[in-house]
Amino acid sequence: MKNKWTLWALAAVLVMGFATAEKVHIMWSGAITGPTSDAGKYYAQGIEDYCSWVNDTGYVSGIEFVCETRDDQYNNANTLRNFEEAVDRGDPVFLGYSTGGTLQLKPLVQEVGLPFIPASYHIGNIDPPDNDYIFLPIASYSEQVIAVLEYIAKVSPGAKVALAIHPSPFGRAPVKDAKKAAGELGIEIVEVQEMAKGLDYTATLKRFEKKGVQYIVYQNVAGPVANMIKDAGRLGLKIKHAGAHYAGGPDLLRLAGDAAEGFLWVTAYYMPHEQGAGAKFVKDLGAKYGRPADAIESVHYPSGMLAAAIAIEAIKEAKNAGKKINAENVYQALLKMNWQNKLAVGPVTYSKKDHVGVDKLRVLEARGGTFVPVTEPFSSALFRKVHYGE
Amino acid sequence: MRNPWTRTGNYKTSYAQDTTIFATYSEQASLAVFLIGMLVLPRFLVRGDMQILDLILIYALAVLGLNIITGYAGLINIGHAAFMGVGAYTAALVAPHLPFWAVLPVSGLVAAAAGAVVGIPALRIKHLYLAIATLAFQLIFEWAVGHSPALEQGGAMAMPRGMVFFGYKIAFKNHHYFWYYVSFTVLVLMAFGFRNLLRTRFGRSLVAVRDNDRAADAMGMDPGKTKVFAFALGAFYAGVAGALYAYWSRAVVIEDYSLMISIKFLAMAIVGGLGTLVGSFLGPAFLELLDINMETFSYAIKEIYNPPGVDVGSAIRPLAFGLAIVLFLIFEPRGLANWWRLLRSYFRNWPFKY
Amino acid sequence: MSYFFQLLVSGIVVGSVYALAALGFVLIYKASRVINFAHGHFIAIGAFTAYALSTSLGLSVWIAAVLALAFTAIVGYFTERIFLKPLVGQPIISVIMVTIGLASVFGGLIHMTPYGSGNFSLPGFLPEGGVNFAGISVSYPQLLAVVFTGVFLAAFGWFFQRSTVGIAMRAVADDQMASMSLGVSVEKVFALAWAAAGITAAAAGLIVGAISGLNLEGLVGIGLKVFPVVILGGLDSIPGAVVGGIIIGILENMAAGYLDAYIPGGGTGDVFPFLVLLLVLWFKPHGLFGTEEIERV
């Protein structure tokens, strides 16, 4: 009689043991405090919420995701430590953040073969050497800037353009390709200017005006861009403004107010006010996990989600194929990925040669306090020509 | 009769005895135990721990240099990370052509040259004004790197990979172990240099100039030259540390040598105890381990208390860093080195009370 | 020519923000010989307090601003009482480091509020656009900066020349021992200087917030800009802070206006003031208006 109870207990323990899902760790290391934390904070929240949603809905059966968002304070030594911890733990994928941190980790990522999805869309991340394991969620800064130049060339042929960039590798990333593309498009890049962290951009703007600049294209973060377009508005300049992913977005509208009207912005994400499954999904998730409106409206929130989603999707593929969840199998799943997702304007596709997830971009224009798409999703043909010589 | 094991009094009968650093057998034994302990330590640590240990050693080397400039010579230096950066960028440029043991001194020398140039204003200015001149150097350094295509404009310059050292191939698994031994050897050598510095003519004039440069001048020392040389020597240490950091982190990126890091070095020197050898190890160890523990702690906080829109956990880390500096300055201005001294003096006389 | 004048005017305007920020810095140094590396954080505290009060309590920006000035003054006062007082008589490096430590503490505390990261803009309390005159344009927040700087300068001028406390502060700055023996409470003077510095820092924070929005990194960055200003003007000179601020503002704009075009990438506005700083240090180690210290063995 006693034995029987023991057996039952044993069976119960066994059943519970099997029912407990496999735990898979996904780590993100980025700046929640320190420089660029205005973006990093929401990016981290996007990752956390997507992860919670996946666990709550049982999106990947049999796997419980443990998503850790680590604050590296924009300090590469911390990023390195977090990354190595992930390697040692045997994580199947790693979510990165800054341009500097990603570029620094490239040789190591190659050596250990752990798939790496950064928040920095620097083309140097996926250019050789050591580029096998790094995957961009959306098109690179270079492609974004060229896409906006293509749009400019279409609406005002022969335009004179100035590039205003962040004083860092992040800002300088698209300059070379943009110059080449401008030659092809018949527009002129008059000047490339690194933006100081100043209170006043009158000097720069006046000089642009003297040189007959019609468009300023920004590769920067929203704060300085907002100040520059406000100054341009005050000076009564006729110059139009445009920018890549991190330059625009709802943050810019909040900071620059009416001065942002007419700003051309290129990104691969949906806006919260849009009708459509993607925008609704982001809003619902933010509401479900109690995020403030600022977070939900920020473009960094869905950006973080997409990064987490790509990682989770690859793990799901590997799981469905009945493979062990490890770096190599997730890498193989990433290489074959063709995921029709609702977070971005195009499918996430990767291959051995293509390490850009969402190849499509949209140009949006600030109208009446929101960004309205002015193009259908498209991918820049010229970018491939100027960058890869295809 | 002199007891060779403990210090029971001053029985020195020759000049040679007076100049020994480790006077008693127990002191020599404890040094030997410490060195052997450090050499076998990696056997008991996992790779992740080694990474942190390496970082502490490399930072300790840089802080030694800062202690020459700020601790010995009293010249406040808010640009020490830039010296380290000069060393790291030199390493990135010469590493493809030279073996690593040659890269280290070359990087040190180039940084020393930069240090001497920064030290030149010290001929005329002092105290706070000099501190701000070093701050200017830090910012100009960052700007200059950002505008140099040869240095990838601050982006990553990868260090050579797949190094083979006497048939021993260095890869991910043993990377940190290898660089631990290299850093440790370099650190021990340079720490002996640091320890002996104060016994040289130059070292003593450093302290004299710190305490009163006019008086030192009157006694025939050249305060200007001494200060410039202090900067050069301190920058040499930082340069070597920069080269080690470059190898350790596998690539040189400008953010690793920013103003934030300069401030961290000053904090490490202060918390460790300004101008002390042992403080140069304890300071970096304390602050790095504090940060890592606070990080772990911050995740625990996040589990319990995580209001929307605020990241209380992440805020703990800068808070702890700042509080460590402030509390040490208020309650223990002589730093951890003083605790070490008290501990040592207790054991030195043991089993006697005094 | 209008290009030159626009640069000049913008330089003066930006310079007055720097001057306002530098004013508090100089006050602290003048009274207590402390270099305050946490000054940028005072600026941030003032700005975010005003923002928090006006957005969450729905106060008018002007009332919120006054409360923010008062709050930052209190923070300054207690900072001195709690953290600086124990360090009186310690070497310069300790005093510098304690303010660096405080900067980190304040940074951590600000991160405990919702304002630590992200961009915010003060509710519009000034009309959009600006004043245009003969092709030269100045925005309203910038105009306000000039007015604020003028008002604070006049107020401090009066305070130091006429009021008893102000004269006591000058006396302390001159000779602590002598003023103590005359019955001046040196402790009180130190704390008051910090409180006054808090007020000017908060005012600078409000202006920066109005001009370029609120962002912790940006506001703290203004604290860094203060260094070339005070070195140029002299660490212990209030008129020096204003003149230094305006000169640095002009230099920055001229560098951006004329040099940037010739340097690939540009961005000289950020670094040029520091180059000037090095030159000034070389030729006039005590700045334009600073007191030269006479040293004796």
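Residue numbers (this note's numbering), protein chains in the order written: chain A, 363 to 752; chain B, 849 to 1202; chain C, 11 to 307.
Glycine included, every Cβ here is placed at the ideal spot set by N, Cα and C.
> In chain A, what lies closer than 9 Å to Ser189/C by C-beta?
Replying inline: Here residue 189/C is taken as the residue at index 179 of the third sequence, counted from 1. Neighbours of Ser189/C on chain A: none; closest Cβ ~38 Å, over 9 Å.
> Which term fits Leu696/A, buried or exposed, when burial requires 16 or more other beta carbons within 10 angstroms of its beta carbon?
Replying inline: Taking the first residue of the first sequence as 1, we reach residue 696/A at position 334. Looking at its Cβ environment, which holds 16 or more other Cβ atoms inside 10 Å, Leu696/A is buried.
>> Taking beta-carbon pairs under 7 Å, can you tell me which members of the segment 459-486 of chain A lie near chain B?
In response: Gly462, Leu465, Gln466, Lys468, Pro469, Leu470, Glu473, Val474 and Gly486
> Identify the residues that DSSP records as bridge partners of Glu553/A: which are they?
Replying inline: Here residue 553/A corresponds to residue number 191 of the first sequence, with the count starting at 1. Ala524/A.
>> Taking the beta carbon of Leu1191/B as the centre, do at least 16 other beta carbons fall within 10 Å, making it buried, or is it exposed?
In response: The sequence position of residue 1191/B within the second sequence is 343, counting from 1. Exposed, since its Cβ has fewer than 16 Cβ neighbours within 10 Å.
> What three-state label does DSSP hand Ile258/C in the structure shown?
Replying inline: Reading the third sequence from its first residue, position 248 is the one you call residue 258/C. Helix.
> Cβ atoms of Glu546/A and Lys522/A: under 9 Å apart, would you say?
Replying inline: One-based indexing of the first sequence puts residue 522/A at position 160. One-based indexing of the first sequence puts residue 546/A at position 184. It is not a contact, given that the beta carbons lie outside the stated cut-off.
> Quick one: is Gly994/B buried, meaning 16 or more other Cβ sit within 10 Å of its Cβ, or exposed?
Replying inline: Taking the first residue of the second sequence as position 1, residue 994/B is located at position 146. Under this definition Gly994/B is a buried residue.
> Relative to chain C, which residues along the segment 1154-1177 of chain B have a C-beta separation below 8 Å, given in chain order?
Replying inline: Gly1157, Val1158, Asp1159, Val1160, Ser1162, Ala1163, Ile1164, Arg1165, Pro1166, Leu1167, Ala1168, Phe1169, Gly1170, Leu1171, Ala1172, Ile1173, Val1174 and Leu1177
> Quick one: what does DSSP say Ser423/A is sitting in, helix, strand or coil?
Replying inline: Locating residue 423/A in the first sequence gives position 61, counting from the first residue. Of the three classes helix, strand and coil, the one that applies to Ser423/A here is coil, per DSSP.
>> Just to confirm the assignment, what range does the alpha helix (DSSP H) spanning Gly682/A have?
In response: Here residue 682/A refers to the residue found at position 320 of the first sequence. A small correction: the amino acid at residue 682/A is Asn; Gly does not occupy that position in the sequence shown. Here the alpha helix (DSSP H) through Asn682/A covers His662 to Asn682.
> Roughly how many angstroms lie between the CA atoms of Arg569/A and Ser149/C, to the nearest whole one?
Replying inline: Stepping through the first sequence from its first residue, residue 569/A is reached at position 207. Stepping through the third sequence from its first residue, residue 149/C is reached at position 139. Cα-Cα distance, rounded: 19 Å.
> Excluding the five sequence neighbours on either side, which residues of its own chain have a C-beta within less than 6 Å of the C-beta of Tyr907/B, listed in chain order?
Replying inline: Counting from one through the second sequence, the residue named residue 907/B turns up at place 59. Pro1132.
> Nearest to His928/B by alpha carbon, out of Ala959/B, Pro890/B and Val951/B?
Replying inline: Start at 1 with the first residue of the second sequence, and residue 928/B comes out as number 80. Nearest C-alpha to His928/B: Ala959/B.
> For the putative contact between Tyr563/A and Val583/A, defined by C-beta atoms under 8 Å, what is the C-beta separation to the nearest angstrom?
Replying inline: Position 201 of the first sequence holds residue 563/A. Position 221 of the first sequence holds residue 583/A. Wrong, their Cβ atoms sit about 15 Å apart, outside the cutoff.
>> Quick check on this structure: which residue in Phe478/A, Tyr712/A and Ile488/A has the alpha carbon closest to the alpha carbon of Trp390/A?
In response: Walking along the first sequence from the start, residue 390/A turns up at place 28. Per the Cα distances, Phe478/A.
> Does Trp204/C come within less than 9 Å of chain B when only Cβ atoms are used?
Replying inline: For the purposes of this step, residue 204/C is taken as the residue at position 194 of the third sequence. False, the Cβ-Cβ gap to chain B never drops below 9 Å.
> What do you reckon, are the CB atoms on Asn589/A and Gly223/C nearer than 9 Å?
Replying inline: Position 227 of the first sequence, counted from the start, is the residue given in the question as residue 589/A. Position 213 of the third sequence, counted from the start, is the residue given in the question as residue 223/C. Yes, these two residues count as a Cβ contact at 9 Å.
> In chain order, what residues of the same chain lie with their CB nearer than 8 Å to the CB of Ala203/C, ignoring the 5 residues before and after it?
Replying inline: Working through the third sequence from its first residue, we reach residue 203/C at position 193. Within the same chain, Ala203/C has close Cβ partners Leu37, Ile38, Lys40, Ala41, Ser42, Glu90 and Met179.
> Would Ile485/A pass as a contact of Thr464/A if the rule is Cβ separation under 9 Å?
Replying inline: Locating residue 485/A in the first sequence gives position 123, counting from the first residue. Locating residue 464/A in the first sequence gives position 102, counting from the first residue. Cβ atoms of Ile485/A and Thr464/A: not closer than 9 Å.
> Under 9 Å between the Cβ atoms of Lys1112/B and Gly967/B?
Replying inline: By one-based count along the second sequence, residue 1112/B stands at place 264. By one-based count along the second sequence, residue 967/B stands at place 119. Against a cut-off of 9 Å, the Cβ pair of Gly967/B and Lys1112/B comes out as no contact.
>> Going by the DSSP bridge assignment, what does Gln152/C pair with across the sheet?
In response: One-based indexing of the third sequence puts residue 152/C at position 142. None, per the DSSP bridge assignment.
>> Taking contact to mean 3 or more Cβ pairs, one atom from each stretch, closer than 8 Å, check whether the segment 1119-1138 of chain B and the segment 1167-1184 of chain B are in contact.
In response: yes
> Can you give, in chain order, each stretch of the alpha helix (DSSP H) that sits fully within the segment 479-521 of chain A and has at least 4 residues?
Replying inline: 503-517
> Just the Cα atoms here: how many angstroms apart are Glu659/A and Val720/A?
Replying inline: On the first sequence, residue 659/A is found 297 positions in, with the first residue counted as 1. On the first sequence, residue 720/A is found 358 positions in, with the first residue counted as 1. Distance between the alpha carbons of Glu659/A and Val720/A: 21 Å.
>> Quick check on Ala62/C - is its C-beta less than 9 Å from some C-beta in chain B?
In response: Residue 62/C sits at position 52 when you count from the first residue of the third sequence. Cβ-Cβ to chain B under 9 Å: no for Ala62/C.
> If you count every other CB in all the chains shown that lies within 10 Å of the CB of Pro969/B, and 16 or more means buried, which is it?
Replying inline: Residue 969/B sits at position 121 when you count from the first residue of the second sequence. Result: buried.
> Which residues does DSSP pair with Pro295/C in a beta bridge?
Replying inline: Counting from one through the third sequence, the residue named residue 295/C turns up at place 285. DSSP output for Pro295/C lists no bridge partner at all.
> At a Cβ threshold of 9 Å, is Phe1129/B touching chain E?
Replying inline: The structure shown has no chain E; the protein chains it does contain are A, B and C.
>> Let me confirm a value: Gln171/C is counted as buried when at least 16 other C-beta atoms fall within 10 Å, else exposed. Which label applies?
In response: Sequence index remark: in the third sequence, residue 171/C carries index 161 (1-based). It counts as exposed.
> When you check each C-beta in the segment 989-1000 of chain B against every C-beta of chain C, which residues fall closer than 9 Å?
Replying inline: Glu990, Trp991, Ala992, Gly994, His995 and Pro997
> Is there a Cβ from chain A that is less than 9 Å from the Cβ of Leu1092/B?
Replying inline: The residue labelled residue 1092/B in the question sits at position 244 within the second sequence. Taking Cβ atoms only, chain A never reaches closer than 9 Å to Leu1092/B, which makes this a no.
>> Run through the DSSP bridge pairs and tell me what Lys602/A is partnered with.
In response: Counting from 1 along the first sequence, the entry for residue 602/A is found at position 240. Partner(s): Tyr577/A.
>> Need the endpoints of the beta strand (DSSP E) that Phe47/C sits in, please.
In response: Along the third sequence, read from residue 1 onward, the residue named residue 47/C stands at position 37. No beta strand (DSSP E) holds Phe47/C; DSSP gives it neither H nor E.
> Buried or exposed: which applies to Glu384/A, given that a residue is buried once 16 or more other Cβ atoms fall within 10 Å of its Cβ?
Replying inline: On the first sequence, residue 384/A is found 22 positions in, with the first residue counted as 1. Counting Cβ neighbours within 10 Å, Glu384/A comes out exposed, since fewer than 16 surround it.
> For the 8 Å Cβ check, are there 3 or more pairs between the segment 497-510 of chain A and the segment 1033-1045 of chain B?
Replying inline: no
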